[in-house]
Amino acid sequence: MIYLAHTAHRQFLGLIAGFLAWILTMATAGLNEWRLWQVEDVSVVTAGVAWVGIWRACFYSQVLPQFENCQRLSISDDFLPTEILVAQVLIMLAVICGLAANIIAALAMRMVYFSVENRRNIRPVFLLAGTLYVLTGTFCLVPLVWNMISVVNNRAINFPPEYNLPTVPVRQHIGSAIALGIFASIFMLISGLLFLSYRYAWKALSSEAPRDTGDPLHGPWTETTLAQKNSLPNGDSHGRDNPAFHSEEAS
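Each residue of the sequence shown is one higher than the one before, counting from 1 in this note's numbering.
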């Protein structure tokens, strides 16, 4: 039997990196600090800074009833720019795809470390896990880069009046969510490349010897022992004295 545990150490590290990257991807989706807006009018936005994410826009105010004021951003809002709408869809796809990638990758590692049957299925499972990791990293990286370009170009968002936010800020900064998401995307892509680079040779499978089902001390089992039991006439299995032995004893 050929053991494969020593062939997948890098892939095991890729599984750990992919799981951590998936957690960071979910954190990226929930953070509001995608864009940091510097607001000139501080009569409502007291701190002069607003946080614009893909799901909410928040700011601190000492004028409004609540100190922290957040407005939901929905995919049905027609004032949202395309990059935020795309981010809402792709980030959720990244979370779902990343979960599937971790499950398939864990199954692949289990097959390598513990399975002794159906080893011809190992390579397709590794390829599937690597592909899902790459897709997850791509789904996460595209909206992040797109929103980062919008921040650099100081693009506007036509917020409704009830949001108490200007259309164009004085300046914008890249938030911590974008930096965290890019870090997670890189880890996802590395995990995918590690699983896709798994090079278990198929020749080893064809050269595996079949498992020995015989006696490990005296060779394969035979029917000799069983045959001796029924070798007596009429199937008599009771012991009989040897006549020659009695004749010698009598003399």
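Here a beta-carbon is modelled for each residue, glycine too, at the ideal position from N, C-alpha and C.
Small disclaimer: the values here were computed from a predicted structure and weren't measured.
What does residue i pair with, by DSSP beta-bridge criteria?
{"i": "Trp268", "result": "Outside the displayed span of the chain (1 to 251) sits residue 268, for which this structure offers no information."}
{"i": "Leu193", "result": "None, per the DSSP bridge assignment."}
{"i": "Gln172", "result": "Trp37"}
{"i": "Tyr113", "result": "Paired residue(s): none; Tyr113 is not in a bridge."}
{"i": "Gln71", "result": "Ala57"}
{"i": "Thr50", "result": "The residue asked about is misnamed: residue 50 is Ala in this sequence, not Thr. According to DSSP, which records beta bridges pairwise, Ala50 is partnered with Trp37, Phe59."}
Less than 8 Å between the CB atoms is what I'm expecting for residue i and residue j, so what's the real figure, rounded?
{"i": "Leu73", "j": "Ile84", "result": "7 Å"}
{"i": "Gln279", "j": "Arg56", "result": "In the structure displayed, the chain extends from 1 to 251; residue 279 sits before or after that span and is not available."}
{"i": "Gly14", "j": "Phe183", "result": "Not a contact, Cβ separation roughly 16 Å."}
{"i": "Ser197", "j": "Ala21", "result": "Rounded, the Cβ-Cβ distance is 17 Å, inconsistent with contact."}
Is residue i helix, strand or coil by DSSP?
{"i": "Glu83", "result": "helix"}
{"i": "Tyr198", "result": "coil"}
{"i": "Gln11", "result": "helix"}
{"i": "Leu20", "result": "helix"}
{"i": "Phe159", "result": "coil"}
{"i": "Gln66", "result": "coil"}
{"i": "Val42", "result": "coil"}
{"i": "Asn153", "result": "coil"}
{"i": "Asn147", "result": "helix"}
{"i": "Pro166", "result": "coil"}
{"i": "Asn102", "result": "helix"}
{"i": "Leu31", "result": "coil"}
{"i": "Ser253", "result": "Here the chain has residues from 1 to 251 only, and residue 253 is not among them."}
Determine, using beta carbons only, whether residue i comes closer than 8 Å to chain C.
{"i": "Ile16", "result": "Any reference to chain C falls outside this structure, which holds one protein chain only."}
Is it a yes or a no for the segment 30-44 touching the segment 126-138, going by three-plus beta-carbon pairs under 8 Å?
-> By the Cβ rule, the segment 30-44 does not count as touching the segment 126-138, because fewer than three pairs are nearer than 8 Å.
Give a yes or no on contact between the segment 35-51 and the segment 60-75, applying the rule of three or more CB pairs nearer than 8 Å.
-> Contact between the segment 35-51 and the segment 60-75 is present, because at least three Cβ pairs lie under 8 Å.
May I ask you to verify whether the segment 75-83 touches the segment 156-165, counting CB pairs closer than 8 Å and requiring at least 3?
-> Contact holds: three or more Cβ-Cβ distances are below 8 Å.
Count the C-beta pairs between the segment 141-148 and the segment 95-107 that are closer than 8 Å, then say yes if the count reaches three, no if not.
-> Taking 8 Å as the limit for Cβ pairs, the verdict is that the segment 95-107 does not touch the segment 141-148.
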